[in-house]
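S.K.: In our numbering, the protein residues as written are 3 to 204.
Sharing a structure below in structure tokens format, with a few things to ask.
Have a look at this one:
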């Protein structure tokens with residue numbers, strides 16, 4: 003049986019570089035570097051290493067936007083219907099506010115704007131099942147409540163309902179026409195009340 007025996011110079015090299023506390027630190031740093039490089043590899047076989055990192059704290063993942071980075075922006079628009087039956091023009095929803103320097107460290111408002119687009123993405127994923135299914139999603143109902151609250155905060159009077167749409171565009175690329183993803187049906191300003199439970203009817 004063949005066994006691998008380290009020569010004396012080799013043992014001295016390993017002892018010098020990986021012996022003691024400093025050597026342990028170098029060894030762990032080297033393993034972390036190798037693990038980080040392997041976890042970025044697109045080959046699926048390297049994903050087995052990522053599964054060892056149960057809490058996703060050992061190896062950073064720089065493939066967040068890959069392999070399909072976002073190439074389009076999602077933009078919401080809404081219009082209102084007043085008591086006289088007049089419909090307003092489509093108004094863009096300005097969810098993304100201007101950035102400031104301190105927001106690099108602290109920007110809790112970013113959660114709200116991201117949530118709005120996440121809700122729109124949830125509705126988009128179910129559009130192939132028909133809009134009747136999509137409008138029954140919790141995300142769609144939250145969007146309705148969001149637009150309803152925004153119209154109320156705007157101080158508009160005499161509004162009895164609204165309609166909103168989700169549009170996909172190429173951002174600053176004016177050569178590509180915007181694409182309408184979906185248009186909601188008329189939605190009353192007064193949210194429909196939930197049916198009373200049997201115990202409440204008794």
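Every residue, glycine too, gets a C-beta built ideally from N, C-alpha and C.
Using only the alpha-carbon positions, how far apart do residue 135 and residue 144 sit?
M.R.: Answer to the nearest angstrom: the Cα atoms are 15 Å apart.
S.K.: Please determine if the segment 125-140 and the segment 151-163 are in contact, where contact requires at least 3 C-beta pairs separated by less than 8 Å.
M.R.: No, because fewer than three Cβ pairs between the segment 125-140 and the segment 151-163 fall closer than 8 Å, the two stretches do not touch.
S.K.: Please list the terminal residues of the continuous alpha helix (DSSP H) segment that includes residue 148.
M.R.: 140-155
S.K.: For the alpha helix (DSSP H) that residue 135 lies in, which residues bound it at each end?
M.R.: 133-136
S.K.: Quick check on residue 119 - is its C-beta less than 7 Å from some C-beta in chain C?
M.R.: This model lacks chain C altogether, as it is built from one protein chain only.
S.K.: Within this structure, are the beta carbons of residue 137 and residue 76 separated by less than 7 Å?
M.R.: no
S.K.: By how many angstroms is the C-alpha of residue 24 removed from the C-alpha of residue 38?
M.R.: 21 Å
S.K.: Relative to the C-alpha of residue 95, which candidate in 54, 122, 42, 29 has its C-alpha closest?
M.R.: If we check each option's Cα against that of residue 95, 122 comes out closest.
S.K.: Please return the same chain residues whose Cβ sits closer than 7 Å to the Cβ of residue 54, not counting the five positions on each side in sequence.
M.R.: There are no such residues.
S.K.: Our contact map puts residue 79 next to residue 149 with C-beta atoms below 8 Å; I'd like the distance itself, whole angstroms only.
M.R.: Actually they do not touch by this definition, with Cβ atoms about 10 Å apart.
S.K.: How many Å lie between residue 36 and residue 45 at the Cα?
M.R.: 15 Å
S.K.: I think residue 164 touches residue 83, with their Cβ atoms under 8 Å apart; what is that distance to the nearest whole Å?
M.R.: 7 Å
S.K.: Quick check on residue 30: buried or exposed, where buried means 16 or more other Cβ atoms within 10 Å of its Cβ?
M.R.: exposed
S.K.: Given residue 162, which residues of its chain have a CB within under 7 Å of its CB, disregarding the five upstream and five downstream residues?
M.R.: 83, 84, 85, 190, 191
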